[in-house]
Ligand code: SF4
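Residue numbers (the working numbering), protein chains in the order written: chain X, 1 to 258; chain W, 259 to 678.
If you want it as structure tokens, here you go:
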């Protein structure tokens with residue numbers, strides 16, 4: 001019997017898809033698929049490094065998409081959750097998908113289908129939240145700058161939203177946790193890494209990186225936030241359910257509460 | 259602009275606008291062309307939530323809180339001794355643009371007290387919207403409040419720049435309105451609504467022939483009713499709402515529990531509780547009408563003029579109509595699935611899709627997010643018998659309340675709180 005192998009890939013989505021291609025193509029018995037950043041070999045498995053190949057990744061992507069649009073979306077979203085062991089689950093999901101004629105993406109009574117669908121949903125929820133909770137601060141050099149720290153890697157998912165919304169201003173959205181960001185230069189969006197000396201949370205103290213006007217508008221927004229609250233209806237529990245505390249440090253309306 | 263001055267105005271004019279709950283920013287699609295600022299995606303985004311748990315999506319302010327009228331339920335009423343202020347047109351434009359650029363808001367919700375006369379006021383509201391669209395190339399969301407009594411010409415112009423227009427009915431019954439707002443006539447509210455409705459219909463049919471006809475109030479119109487200021491029943495409120503949905507093509511009707519703002523013998527006294535749970539029940543009923551295929555007469559009628567407070571309206575209906583149950587999960591149509599307490603629309607759609615693959619049993623339903631503690635009294639699936647067929651409505655209600663203690667209690671006040 002062939003021994004099971006662990007595929008090690010570079011952590012990118014295309015790398016993962018390449019691994020899937022390889023596994024199918026060479027009929028490998030996969031015991032795990034691990035990102036090289038966190039790989040740990042199993043006792044009885046051989047490891048094998050997979051090099052990302054765009055054309056192979058593309059073929060897998062197209063193959064899944066031909067089966068089901070919902071499936072490819074769920075797979076991509078669930079992948080971005082970065083949850084431990086997600087690759088193997090997705091691999092099994094894809095095996096299932098190709099084993100059946102009918103698209104199994106809506107077979108919600110199946111445990112793994114429901115799980116991937118729900119994980120994709122959570123990532124989708126955070127995507128939506130980030131579209132809501134990004135707070136730009138205007139820097140001295142005229143760039144609208146925002147830090148975020150989402151649970152999942154949602155930057156690739158929100159790029160389009162911000163590009164079409166803020167087409168006439170330069171902006172950067174920077175993921176502090178994953179140490180990369182998006183920079184829109186009024187033409188296109190680039191991926192950037194920055195050497196941030198400090199993380200610009202929304203603090204009461206002014207920072208010289210930003211314009212004075214910036215702080216005036218933050219104050220106005222803060223005031224607005226306060227005066228729109230109706231005291232006789234207060235419901236803190238509902239409030240934190242909608243605006244989880246882990247996001248507060250980047251919300252200008254919350255700077256006094258942090 | 260002078261920040262100190264604007265800050266002071268903002269405090270006054272946001273405070274006065276906060277009782278208007280119609281704040282949704284959804285339902286309009288305005289794409290960003292020629293590298294302008296903003297777009298409306300149709301989804302609507304809540305950028306923050308107030309400490310009372312309501313969505314903050316738009317910069318919601320009054321242009322002024324001066325008013326020549328004296329409606330008893332309104333903070334802005336003439337006889338109220340409060341600080342007054344008025345924004346300049348440019349100040350509102352600057353605030354909107356700068357908040358929008360920082361991703362604080364989806365757009366502007368502009369309302370106003372009535373200074374001088376309705377037309378004079380409406381003209382200024384329109385001027386703000388026009389400036390945002392034409393000079394600032396702004397594609398974000400704009401909701402203008404129509405001023406009751408404003409002329410047809412101004413209402414027409416407003417619809418060219420705004421995504422949504424609304425007039426608040428405020429008091430659900432005509433007799434209540436007479437009592438609390440003696441200066442206002444019922445027609446002052448309905449006339450502009452009718453005008454907007456007709457223009458929307460006209461523009462839509464023209465767009466079918468001439469493609470580049472501009473959009474007219476693409477997100478439609480909405481209205482708001484204050485709940486619990488006068489002695490109306492839930493039936494009065496919901497029948498009135500249904501009337502506006504039907505006859506004026508309303509996109510949304512909002513229900514706003516009355517917050518006592520005046521010591522007035524005609525009104526609940528200051529310090530009385532805001533009827534938040536009642537408000538929540540009305541929203542739930544509204545959902546049942548719009549998304550679950552219920553007819554209002556099924557839920558509220560002469561024998562049931564008011565909604566239950568302790569259970570949601572779908573459960574209430576089910577308990578009064580046990581003859582429609584049990585529903586078979588594996589064969590029932592969409593309409594009946596949606597009527598099972600504990601099964602929300604999302605679960606309905608999952609069930610419909612999942613049962614193509616296999617016969618569903620309880621384990622499956624649980625995995626799919628169905629609240630079995632409620633649903634089990636109203637359904638059959640798989641081999642399981644309908645275990646509760648002999649139970650009386652009161653018994654079922656008791657059992658459900660027992661099993662979901664607290665859950666119902668915590669559902670106060672969220673206008674968007676989902677139930678299933
Ligand atoms: S006309 Fe409008 S602003 Fe003036 S008192 Fe009546 S409700 Fe308030």
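We put the beta carbon where it would ideally sit given N, CA and C, even for glycine.
Query: Which residues, in chain order, does the stretch 124–135 of chain X contribute to contact with chain W at a C-beta distance below 8 Å?; Result: 128, 131, 132, 133, 134, 135
Query: Mind listing the chain W neighbours of residue 164 (chain X)? Cutoff is C-beta to C-beta under 8 Å, in chain order.; Result: 289, 290, 297
Query: Which residue spans inside the stretch 412–500 of chain W form an unbroken beta strand (DSSP E) run of at least 3?; Result: 422–424, 479–485
Query: Can you list, in chain order, the residues of the stretch 242–255 of chain X whose Cβ is nearer than 8 Å to any Cβ on chain W?; Result: 242, 243, 251, 252, 253
Query: I need the DSSP call for residue 529 (chain W), collapsed to helix, strand or coil.; Result: coil
Query: Less than 9 Å between the C-beta atoms of residue 183 (chain X) and residue 139 (chain X), yes or no?; Result: no
Query: Compute the beta-carbon to beta-carbon distance between residue 534 (chain W) and residue 233 (chain X), rounded to the nearest angstrom, for a pair I have assumed lies under 8 Å.; Result: 6 Å
Query: Tell me whether residue 434 (chain W) counts as near ligand 1, meaning its Cβ is closer than 8 Å to at least one heavy atom of that ligand.; Result: no
Query: Out of X:167, X:239, X:176, which has the shortest C-alpha to C-alpha gap to residue 293 (chain W)?; Result: X:167
Query: Taking Cβ positions, are residue 363 (chain W) and residue 398 (chain W) nearer each other than 9 Å?; Result: yes
Query: Identify the contact partners of residue 385 (chain W) in chain X, using a Cβ-Cβ distance below 8 Å as the criterion.; Result: None at all; the shortest Cβ gap to chain X is about 22 Å.
Query: Determine the burial state of residue 425 (chain W): buried for a count of at least 16 other Cβ atoms within 10 Å of its Cβ, exposed for fewer.; Result: buried
Query: Considering only C-alpha positions, which residue in the set W:503, W:569, W:610, W:576 is nearest to residue 661 (chain W)?; Result: W:569
Query: Tell me, please, whether the stretch 151–158 of chain X touches the stretch 270–280 of chain W by the rule of three or more beta-carbon pairs shorter than 8 Å.; Result: no
Query: Check the C-beta distance from residue 557 (chain W) over to residue 571 (chain W) and give it rounded, since I have them as a contact under 8 Å.; Result: 6 Å
Query: Among W:514, W:552, W:318, which has the Cα closest to the Cα of residue 227 (chain X)?; Result: W:318
Query: For ligand 1, any of its heavy atoms closer than 8 Å to the Cβ of residue 445 (chain W)?; Result: no
Query: Measure how close the beta-carbons of residue 387 (chain W) and residue 416 (chain W) come, nearest whole angstrom, since I'm counting them as under 8 Å.; Result: 7 Å
Query: Quick check on residue 605 (chain W): buried or exposed, where buried means 16 or more other Cβ atoms within 10 Å of its Cβ?; Result: buried
Query: At a cut-off of 8 Å, is residue 371 (chain W) close to ligand 1 when judged by its beta-carbon and the heavy atoms of the ligand?; Result: yes
Query: My output table needs one value for residue 13 (chain X): the three-state DSSP class, helix, strand or coil.; Result: helix
Query: At a CB distance below 7 Å, what residues from the stretch 603–616 of chain W approach chain X? Give them in sequence order.; Result: 608, 611, 612, 615, 616
Query: Measuring straight from C-alpha to C-alpha, what distance separates residue 510 (chain W) and residue 550 (chain W)?; Result: 15 Å
Query: If distances are taken between C-alpha atoms only, which option among X:187, X:11, X:48, X:103 comes closest to residue 23 (chain X)?; Result: X:48
Query: Can you name the residues of chain X whose CB is closer than 7 Å to the CB of residue 368 (chain W)?; Result: Per Cβ cutoff of 7 Å: no residues; residue 368 (chain W) is ~14 Å from chain X at best.
Query: Between which residues of its own chain and residue 75 (chain X) is the CB-CB distance below 6 Å, once the five residues before and five after are set aside?; Result: 90
Query: Can you tell me whether residue 207 (chain X) is helix, strand or coil according to DSSP?; Result: coil
Query: Using a Cβ-based criterion (distance less than 8 Å to any ligand heavy atom), does residue 382 (chain W) qualify as near ligand 1?; Result: no
Query: State the Cα-Cα distance for the pair residue 432 (chain W) and residue 411 (chain W), rounded to the nearest angstrom.; Result: 26 Å
Query: On the criterion of 16 or more Cβ atoms from any shown chain inside 10 Å, does residue 165 (chain X) qualify as buried, or is it exposed?; Result: buried
Query: Tell me which same chain residues have a C-beta within less than 6 Å of the C-beta of residue 133 (chain X), skipping the five on either side of it?; Result: 247
Query: From W:512, W:295, W:487, pick the residue whose C-alpha is nearest to that of residue 545 (chain W); which is it?; Result: W:512
Query: Per DSSP, what kind of secondary structure is residue 544 (chain W) in: helix, strand or coil?; Result: helix
Query: Determine the extent of the beta strand (DSSP E) in which residue 147 (chain X) is found, giving its start and end residues.; Result: 144–148
Query: From this set, W:493, W:405, W:365, which residue's C-alpha is nearest residue 379 (chain W)'s C-alpha?; Result: W:405
Query: Count the other CB atoms within 10 Å of the CB of residue 375 (chain W); is the residue buried (16 or more) or exposed (fewer)?; Result: exposed
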